[in-house]
Structure formats: structure tokens, C-alpha cells
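Mapped onto the numbering used here, the consecutive letters of the sequence shown carry residue numbers -16 to 219. Below: one structure, written as C-alpha cells.
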Amino acid sequence: MSPDAPRRRFEARWLGRVDYAHTQALQHQLVEARQRGVVPDTLLLLEHPPTITLGRGAHAENLLSSREVLEANGLAVHESERGGDVTYHGPGQLVAYPIFDLGPDRKDVRRYVRDLVRVMSALCRDHGVGAGPHDKLIGAWVDLDNVPAWPGQERARRLAKVGAIGVKISRWVTMHGFALNVSTDLGDYGLIVPCGIREHPVTSLQALGVRPAPTVEAVASRAVAHFAAVFDAEAG
């Protein structure tokens, strides 16, 4: 961006706990409106009730129970047009759905995914947890043997994922985003193979020793500032 260009602006909305189908529909409305230029960049921050989503790359074997069993136990199951495999959403997890136009100067999918990791990593640092990217696996990762620091995945001894990413970009407008585990019930992850990764566990800020565990709304408030810093933007 040139020095004389106006800074990006985005509108942040805290939605509270809302079901997945509602936010899918809302995202589609906002993406279409953003593509037409009638709404600004918009950041949706929320949490979902217990939900399993199947991304475009989902494999049936990574769903460890039938849909009927899952739904009978109170978990909604939804198809999703985001990238990636099977994942879980639930109370205690911050979900961020940026509806951002990456044009004209941020049209780089890999950069966008890295930027989402940067936001999650900054949120972890706010609570004394070191997190960062993995060279080969998408998401935000921690070293269970060195929680206060992220030494880099090549030096980490025991990896765990604290934040997942799944996005869709249409005409350079983004939707879906990330899910950061704050105080999520990790037991529900036993119903799936999260993101198709068997060799590394999933964790949360609470499981990593953050006490007291912050509320999702409090972490969402901090996320607005971190999105502004990472995307060189102003929150409206």
C-alpha cells in the first residue's frame, strides 16, 4: 500500500453464541454485498454450539461416529464450503469469520492464511502462551514442552494445535476463517480426527494452564486490535 493510500477499515461484530447455519447464510450475504462494494470489510466474532463441520476435503473415515449418533448426542453436523477436513466448534472457542476484500494489495492466499495464524498467535501471547505456524500443517501450534515460547516447529518436541483455519476466497473476498480454543471441551474432539491429523493432539488456552480462563467475548475484543495490527487497518 502506498504511503498516500487510505488505511483499510473494517467493522467488527460480536455475535455471541449462534448456530452454524445462521452464520453461513450471513457470510454469504456479506460476501455478495462486499463484492458489490455496498458494505465494508466485516469481521464476525462468535462461538458456536457443539457442531461438527465437513470441509471440501473431508474424508468419511475422520468422522468417528455416524451423523445419527452425533445428532442424537446434541452435536449438529454441517457441510461447509471452506477448505480442509473435519473439525469441531463449540462453546469456549473463539470463531473469527473475516469478510475482507484482499484487493488490491493483499491478493495472496498463503499470506492471508499466515496472517490468520499471526492473529491467533498474538491472542495466545496475550495469555502467556507461545504459538506459531507449522511449515507443513495449517493452523496455530504450541510446543507442549515449552508452552511460554514457540521455538518453531522444527525444534518443538511435542506439538499440539490450539487454533484451526479453514477459508474460502471468492473474487478475492474471504469467508470462514479460524477457530481458537480458549476453554473448549476437548473431549468432543474424540468424535473426529481433527483436520485429519492423527499424530498431534488438540489443546486450548485453558488446558495449557491459563488461569482463570478468559471468556470468549474478552478474547474476541482483543482479536479486533490484533486484526487491525496484522492487516494494517482500522476497526470502525
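Ideal placement from N, C-alpha and C gives every residue a C-beta, glycine not left out.
- In this chain, the beta strand (DSSP E) harbouring H61 covers A59 to E62.
- In this structure, the beta-carbon distance from I148 to V112 does not fall below 8 Å.
- Judged by DSSP secondary structure, E217 falls within the beta strand (DSSP E) whose first and last residues are A216 to A218.
- Annotation: the segment 89 to 131 contains the following complete segments of the alpha helix (DSSP H) (minimum length 4 residues), in chain order: 92 to 108.
- Taking N164 as the centre and dropping the five residues before and after it, the same chain places the C-beta of Q76, V145 and S187 closer than 6 Å to its C-beta, in chain order.
- Sixteen is the threshold: since fewer than 16 other Cβ atoms of the shown chains lie within 10 Å of the Cβ of A201, the residue is exposed.
- Restricted to the segment 0 to 77, the alpha helix (DSSP H) segments that are unbroken, complete and at least 4 residues in length are 3 to 18 and 50 to 55, listed in chain order.
- DSSP places V207 inside the alpha helix (DSSP H), whose first and last residues are V199 to V213.
- Within the DSSP secondary-structure output, E(-6) pairs in a beta bridge with T25.
- With a cut-off of 8 Å on Cβ pairs, the segment 172 to 190 is in contact with the segment 57 to 73, counting three or more such pairs.
- Relative to the Cα of A139, the nearest Cα in the group L169, H183 and V150 belongs to H183.
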